[in-house]
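Just so you know, the sequences run in chain order A and B. 1 is the number of the first residue of the first sequence in the working numbering; add one for each residue after it. 1001 is the number of the first residue of the second sequence in the working numbering; add one for each residue after it. Just so it is clear, CB atoms sit at the ideal spot from N, CA and C, and this is done for glycine as well. All values reported here derive from a predicted model rather than from experimental measurement. Below is one structure, written out as C-alpha cells, with a few remarks after it.
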Amino acid sequence: MRERGITEARLPYAPLFAMKYFYTFFACYESGLRVVFCIRGKSRMGQTISEKIFSKSVGRTVKAGDFVEAAIDVAMIHDITGPLAVKTLYEITDRVWDPTKVIMLFDHQVPADSIDAAVNHLELRKFAKRQGILNYDVQEGVCHQVMVEKGHVLPGELIIGADSHTCTYGALGAFATGVGSTDMGVALASGKLWFKVPETLAFDINGNLGRRVYAKDLILTIVGDIGINGATYQACEFRGDTVKHMDIADRMTVCNMAIEMGGKTGIIAPDETTATFLEERALDGDFALHSDDDATKVVRRYAATEMVPMVAKPHQVDNVVPVTDVEGQHIDQVFIGSCTNGRYEDLKAAAELLEGEKVARGVRMIIIPASRTEYQRALKTGLMDIFTDSGALVEAPCCGPCMGGSFGLLGPGEVGLSTSNRNFVGRQGSPEASVYLCSPATAAASAIDGVITDPRSD
Amino acid sequence: MTRPKGGMTGRAWKFGDNVDTDAIIPGKYLVLNSSQDLAKHAFENVRPNFAHQVINGDIVVAGENFGCGSSREHAPLALRDNVSIVIARSFARIFFRNAINIGLPVIECDTTEIEDGDILHVDLENGSIYDETRKKEYAITPFPPFIKNIIEAGGLVEYVKSGTQLKKREPRETETDLPW
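Below you can see the structure in the form of C-alpha cells.
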C-alpha cells in the first residue's frame, strides 16, 4: 500500500482548516519548491532523530519532506516577542491551549530599561497570572539557559520558542525551533503547528580540541565553512566523539548557533551525559533516541584536532578567521555572556586567564552570567572575586548587550569583542560600531591586552 | 488592511545579500509593538533615509537570504505599512513565514539587474514583474490562491477569522484594553 507523504487536516478546530493549505505552501517554500507531493512507499529505511521526534508528535511514521501538523510539548515566550504573540492569541481565542505547557520569562530588557519595556512586562505578568502560566519574570536569567537548567526540556520533545535561538535545546536531544509571534499566537491557541519535517545535515566531529580551543571555536569553524545560509531549513545534527565528550554547557553553545547558518534546529543525540544532567533534576527521558545508521542525511566531517581559536569579523557571523589573523586589533569593549557563552564553564574559562590580571586601561569589560544559578555558582567558587578584582563589570543575569536593545551599547567607531552569537551592523549599539565574536577565553585574553589576543599565547 | 488584487507599482529600494533582521529593525526598537511606530525606524542603521523617504507602495528589492537572523516579527511589521512587496532572490525561513503571517507579500525573483530607484510594476495575478526603467520583464511564480487570499485578508489571523464561521469568544473587558 502506498501512502501519500502529505497529511490530511486534523486541525484543532474548523476555522484553522485553511491553515492546512497555508502551511503546505510554507513547506513547499521551505523545501525550495522542489517537492510538493512526496509519494513514498513503506520502507524499512531508518529515521533521523528529527524524524523520530516528529513521528512521535504526529502519531505516525513521518519522513523528511513530509508536511505535518505536530503537537507542541512546550512553548516559550519572552518579554520582546511575547506581547505580539499574546495579541495574536487574543485575536483568535481567550485561553492558551494548556497553561502547563507554556513558559514565560523576561530577559531581553531586564530590569525594565524604559517605560515601554515596563509596560510590556506589566501586561505579560497580568497575562501569565490570568492564564495560570509559569512566569519566571526577571529573576532567573536568559530564556534558553533557564529552560534547560529548570528542566523544561527533555529528550524527544518538540519545543517552540518565540526566539530564534530556541535551537539551543537540541543539546538535550529535543527538537526545538524558533518561530515568529503570529505562529506562536496560533500555537498558543491550538497547541499545534504545521512543519515540514526537515532534512538532516549531520556534522561528524572527531578528535580532541586543543588547549584553549572550545566549543565556540568549533561552531564558528562550521558556520564559517558552510556559510550564513548553508543549512537553511535543515536540522543540524552534531555527533562524533568530540561531541560525545562535551558537557551540556558546550553542547548548548554548539546547538545555539545552528540558526546562524539558517538551520531549523541544532540537535545532539542524548547519552549518559544527558541522563546525568537530567537525573540531577529528577527528570527522565528517552535516552535511547538516536539517528539510525541508514537514515537519510548529508554528512560533513571535521577534525577537532585541527581546530584553532576562531573569530567572526564584522559584520556577518560566517566571516570567520583564525584569531591569529586579527591579533592586535584594537577593542573598546569586551562582553562575556549570552545564551551562547554565559554559563559557569564559560565564566571559568575566562577566569583562568583573568586571575591576577587587570583589564587593560581604556577597555570596558562586561560579564553577565546566563542565569541566577550560574551566577551563584560563579559567586561560590570565587570567580566573581577574580572578575571584580580585574576591573570587569559584573551584571545580573539577562541578555545584556547581545541584542543591542538594552545597556552596554557601543558608540560610533567603537569595536566590541563578544562571546554572543551575532555581529550584524548595529547589533550591539551604533551602526558605526563593529563587533567581533569569539570564545570566552579569547575574550578574556584580549581584555587583558586591550587588543584581540590568541588565548594560547600566555 | 487590504491589498490590491491586481498589480502594484512602486519605486525599488535595492539591498544586497543577507539583509539581517537587525538591519531591518534595530533591537532597541523591539519594545514597540505597532507597525506605525516600527516603520519610523525601518532600515535605520543601514539606510538612514529610508523611513523618511519611503512612499507608500514602494518596493524592497534584495539579494539572497533576506531577513536572516532573529525571529522578531517586528521586522516584517516595520515594512508592512509602506512597502507593498519584498522581492528577493531568496528569503530566510522565519522571516518568510512571519511576513506572510502578517500580510506582507514576499516573492522570489532574480533581482540582479534591478537597480535602486527603478520603477517596478508587480502583477501577482499573472506572475510578472516589469522594470519600467530598464524595460525588462521577469516571470514570477504566482502565489497559490490560498496564499493570495491570506495576503489580501491582511494576514493569517484575519484570514482565519474572516474566511470561516469561527465563533470567536469575546475577550473579557479587561483584555480588550491591552496596550498591544
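Determine the burial state of alanine 295 of chain A: buried for a count of at least 16 other Cβ atoms within 10 Å of its Cβ, exposed for fewer.
Burial call: buried.
Look up lysine 101 of chain A in the DSSP assignment and say whether it is helix, strand or coil.
helix
Have a look at the DSSP bridge pairing and note the partners of cysteine 1068 of chain B.
For cysteine 1068 of chain B, which the question treats as bridged, DSSP gives the partners B:Asp1020.
Chain A beta carbons: is any one of them nearer than 7 Å to that of aspartate 1020 of chain B?
With 7 Å as the cut-off, aspartate 1020 of chain B counts as an interface residue toward chain A.
For leucine 353 of chain A, which residues from the same chain have a beta carbon less than 8 Å from its beta carbon, with the 5 sequence-adjacent residues on both sides left out?
The beta carbon of leucine 353 of chain A sits closer than 8 Å to the beta carbons of Ala441, Ala444, Ala445, Ile448, Pro455, Asp458 from its chain, once the five residues preceding and following it are set aside; these are given in chain order.
Taking only beta-carbon positions, decide if phenylalanine 54 of chain A is within less than 7 Å of chain B.
no
Classify glutamate 1113 of chain B as helix, strand or coil using the three-state DSSP reduction.
Glutamate 1113 of chain B falls in the coil class under three-state DSSP.
Run the CB neighbour count on lysine 1136 of chain B, radius 10 Å, all protein chains shown included, and call it buried at 16 or more, exposed below.
It counts as exposed.
Keeping to the same chain, check which residues put their C-beta closer than 6 Å to that of alanine 249 of chain A; ignore five residues upstream and five downstream.
Counting only Cβ-Cβ distances below 6 Å, and skipping sequence neighbours, we find Arg343, Glu345.
Determine contact between the region 380 to 398 of chain A and the region 136 to 155 of chain A, defined as no fewer than three beta-carbon pairs at a distance below 8 Å.
yes
For threonine 1009 of chain B, which three-state DSSP category applies?
strand
Any idea if glutamate 1040 of chain B is buried or exposed, counting beta-carbon neighbours within 10 angstroms, 16 or more meaning buried?
It is worth fixing the name first, because residue 1040 of chain B is lysine in this sequence and not glutamate. It is exposed - the Cβ of lysine 1040 of chain B has fewer than 16 other Cβ atoms within 10 Å.
Within 7 Å (strictly less), CB to CB, does phenylalanine 424 of chain A reach chain B?
yes
Does DSSP classify tryptophan 56 of chain A as helix, strand or coil?
The sequence given here places lysine at residue 56 of chain A; tryptophan does not occur at that position. Here DSSP, grouped into helix, strand and coil, assigns lysine 56 of chain A to helix.
Pick from B:Ile1151, B:Leu1156, B:Ala1099: whose alpha carbon is nearest that of phenylalanine 1066 of chain B?
B:Ala1099
Got a sec: is the Cβ-Cβ distance from proline 1026 of chain B to anything in chain A below 7 Å?
Yes, proline 1026 of chain B lies at the interface with chain A (some Cβ there is under 7 Å from its Cβ).
CA-CA distance, alanine 118 of chain A and leucine 124 of chain A?
10 Å
Where DSSP assigns a beta bridge to tyrosine 1138 of chain B, which residues make up the other side?
B:Ile1129
Can you name the residues of chain E whose CB is closer than 7 Å to the CB of asparagine 256 of chain A?
The question asks about chain E, but that chain is absent: this structure's protein chains are A and B.
Output yes if chain B places a C-beta closer than 7 Å to the C-beta of arginine 300 of chain A; else output no.
no
Assuming methionine 184 of chain A contacts isoleucine 77 of chain A under a Cβ cut-off of 8 Å, what Cβ separation, rounded to an integer in Å, is found between them?
6 Å
Does the region 260 to 270 of chain A come close enough to the region 223 to 237 of chain A that 3 or more CB-CB pairs lie under 8 Å?
Taking 8 Å as the limit for Cβ pairs, the verdict is that the region 260 to 270 of chain A does touch the region 223 to 237 of chain A.
Would you mind sorting isoleucine 460 of chain A into buried or exposed? The rule is 16 or more other CB atoms within 10 Å of its CB.
Here chain A comprises residues numbered 1 to 458, so residue 460 of chain A is not present and cannot be evaluated.
Identify the contact partners of cysteine 1109 of chain B in chain A, using a Cβ-Cβ distance below 8 Å as the criterion.
Neighbours of cysteine 1109 of chain B on chain A: none; closest Cβ ~13 Å, over 8 Å.
Measure from the alpha carbon of lysine 87 of chain A to the alpha carbon of each residue in A:Leu201, A:Phe127, A:Asp325, then state which is nearest.
A:Phe127
Enumerate in chain order the residues of its own chain whose CB-to-CB distance from histidine 330 of chain A is below 7 Å, with the five nearest sequence positions on each side excluded.
Val415, Val451
With DSSP collapsed to three states, give me the class of histidine 1074 of chain B.
In the displayed model, histidine 1074 of chain B falls within a helix according to three-state DSSP.
With the cut-off set at 7 Å, would you say asparagine 256 of chain A and cysteine 339 of chain A are in Cβ contact?
yes
Counting pairs of beta carbons, one from the region 316 to 325 of chain A and one from the region 149 to 161 of chain A, are three or more of them closer than 8 Å?
no
Is it right to say aspartate 293 of chain A is buried, meaning 16 or more other beta carbons lie within 10 angstroms of its own, or is it exposed?
exposed
Helix, strand or coil for alanine 350 of chain A, going by three-state DSSP, please let me know.
helix
May I ask you to list, following chain order, the residues of the region 78 to 99 of chain A that have a beta carbon less than 7 Å from some beta carbon of chain B?
Ile80, Thr81, Pro83, Leu84, Lys87, Thr88, Tyr90, Glu91, Ile92, Thr93, Asp94
Helix, strand or coil: how does DSSP classify lysine 244 of chain A here?
helix
Tell me the DSSP secondary structure of valine 68 of chain A in three-state form.
strand
Can isoleucine 1119 of chain B and arginine 1011 of chain B be called in contact, C-beta distance under 7 Å?
Taking 7 Å as the Cβ cut-off, isoleucine 1119 of chain B and arginine 1011 of chain B qualify as a contacting pair.
Should asparagine 1056 of chain B be labelled buried (16 or more other beta-carbon atoms within 10 Å of its own) or exposed?
exposed
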